[in-house]
Amino acid sequence: MANDDHKGNVKLTGAQETLMLTLIARANDTEAARPILNDTHAASVVKQVQDSGYNFRERLNYGARGSPVSAFISLRTRILDLKTQGFLAAHPGRATVLHLACGLDSRSLRVRWQGEGRLWIDVDKQDVIELRRQVMADPSPESGSEYRLIDPSITEEGWLENCQIPSDRPVLVVMEGLTMYLAPDEVYGLLRQVTSYFLDRGVHGEVYFDAAGILLVNIANAVGALKSLGTTLKWALRDHTELEKEVPGLKFQDGMGFSDIIKHDAFKAGPLGMIMRNIAYGLTFFLPSTWLVGIYSYAF
């Protein structure tokens, strides 16, 4: 396990501390020869977290610039940004974006979401939100827009009602780096809550998220940063119909496996890109690319 002496003022543990993995990946991407995301906000937050005494290399056993991990995480984030922008373009009027497990992600600063009747809600656990407030500034809402930062327990019943989440406009739920850390029943329960809350009120929406495949779960739980942090991946999406069976009202729209993600136009060319694409092409001959990781869209 990682040594607590390298955490500084950061109190996160286990699965919550894995948000530091995605943060340093996005920051490292800004220094790549061909940035995928170019999230300068992430680079600024990393500096503040480091200044507080957190040692990314010692805690995570990771930190190399230009690594395949940094590239893939940044690509995953970029794709979800583009999909979020696509939803907002398709719903130009009043709309809500519910960003679950926001961590220290600056999606609300990267995506152009503001407009009349637009609401962006960043959601995470209390200790994460406390850290976020220390190292990140909230977006400055334009006239007619609203931003909220809240800390409910999203696996408990009634949190949408208790937080008074609006149910009078289309809604997009975005989850990145969340589902794989939840138990299967927690994933199903969360999605059932979301779909029933809005559908019972006559509101439709979409859910975008990434999910681990069964092969990635086995690999990640055996080696690497997760093991050093004392946490594990708990859920793998084996087939997109699984969620349609478990969550009434949820309908599959589309999905991207590992090879599809690597081929995305957002991935810049170059030596690293060529290596990762060749790996992706090779893997497709032996196993479904969703056995590694996928990005999925569902509607309700």
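In this note's numbering, each residue carries its 1-based index in the sequence shown increased by 731. C-beta: ideal position from N, C-alpha, C; glycine also. No experiment lies behind these values; they were computed from the predicted model shown.
(request) For residue 830, write down the residues that DSSP places opposite it in a beta bridge. (result) 853, 905
(request) Determine, using beta carbons only, whether residue 892 comes closer than 8 angstroms to chain B. (result) No chain B appears in the structure shown, which is made up of a single protein chain.
(message) Bridge partners for residue 938 per DSSP, in chain order?
(response) 904, 1029
(message) Please classify residue 732 as buried or exposed, where buried requires at least 16 neighbouring CB atoms within 10 angstroms.
(response) Only weak support exists for where residue 732 lies, its pLDDT of 49 falling under 50; the value from the coordinates is given anyway. It counts as exposed.
(message) Quick check on DSSP: helix, strand or coil for residue 943?
(response) strand
(request) Please classify residue 926: is it buried, with 16 or more other beta-carbons within 10 angstroms of its beta-carbon, or exposed? (result) buried
(request) Could you give the DSSP three-state label for residue 879: helix, strand or coil? (result) strand
(request) Measure the CB-CB distance between residue 878 and residue 905 and report whether it falls below 8 angstroms. (result) no
(request) Determine the direct distance from the alpha carbon of residue 902 to that of residue 826, and round the result to whole angstroms. (result) 6 angstroms
(request) Spatial neighbours of residue 841 within its chain, please: CB distance less than 7 angstroms, with the 5 preceding and 5 following residues excluded, ordered by chain position. (result) 770, 812
(request) Leaving out five residues on either side along the sequence, give the residues of the same chain with a beta carbon under 6 angstroms from the beta carbon of residue 748. (result) 960
(request) Mind checking who residue 985 pairs with in its DSSP beta bridge? (result) 1028
(message) Contact defined as beta carbons within less than 8 angstroms: I believe residue 1081 pairs with residue 1019. What is the distance between those atoms, to the nearest angstrom?
(response) Because the chain is modelled from 732 through 1031, residue 1081 falls outside the range shown and cannot be assessed.
(request) Given a cut-off of 8 angstroms, decide if residue 1021 and residue 944 are closer than it, judged by their beta-carbon atoms. (result) yes
(message) Let's see if you can read the secondary structure: which residues bound the alpha helix (DSSP H) around residue 760?
(response) 750-760
(request) Use the C-beta contact count for residue 837: other C-beta atoms within 10 angstroms, 16 or more gives buried, fewer gives exposed. (result) buried
(request) Starting from the C-beta of residue 913, find all residues in its chain whose C-beta is less than 8 angstroms away, skip the five residues before and the five after it, and write them out in chain order. (result) 886, 921, 965, 966
(message) Once the 5 residues before and after residue 806 are set aside, which same chain residues still bring their CB inside 7 angstroms of it?
(response) 767, 992, 995, 997, 998
(request) Classify residue 821 as buried or exposed, calling it buried when 16 or more other Cβ atoms lie within 10 Å of its own Cβ. (result) exposed
(message) Measuring alpha carbon to alpha carbon, tell me which residue in 937, 739, 856, 843 is nearest residue 835.
(response) 856
(request) Can you give me the Cβ contacts of residue 1023 inside the same chain, cut-off strictly under 6 angstroms, excluding the 5 residues immediately before and after it? (result) 944, 946, 947, 989
(message) In whole angstroms, give me the CA-to-CA distance for residue 969 and residue 810.
(response) 21 angstroms
(request) Using the Cα positions of residue 934 and residue 900, report the straight-line distance between them to the nearest angstrom. (result) 6 angstroms
(request) Could you tell me whether the segment 752-763 touches the segment 772-791, where touching means 3 or more Cβ pairs closer than 8 angstroms? (result) yes
(message) Buried or exposed for residue 976, going by 16 or more other Cβ atoms inside 10 Å?
(response) exposed
(message) With H, G and I counted as helix, E and B as strand and the rest as coil, what does DSSP make of residue 990?
(response) helix
(message) Can you find the residues in the same chain that come closer than 6 angstroms, C-beta to C-beta, to residue 741, ignoring five residues on each side of it along the sequence?
(response) 785
(message) According to DSSP, is residue 744 part of a helix, a strand, or is it coil?
(response) coil
(request) If I'm right that residue 937 touches residue 1029 with Cβ under 8 angstroms, what's the distance once you round it to whole angstroms? (result) 7 angstroms
(message) Please state the DSSP three-state secondary structure of residue 817.
(response) helix
(request) Count the other CB atoms, across all protein chains shown, that sit within 10 Å of the CB of residue 745; report buried if there are 16 or more and exposed otherwise. (result) exposed
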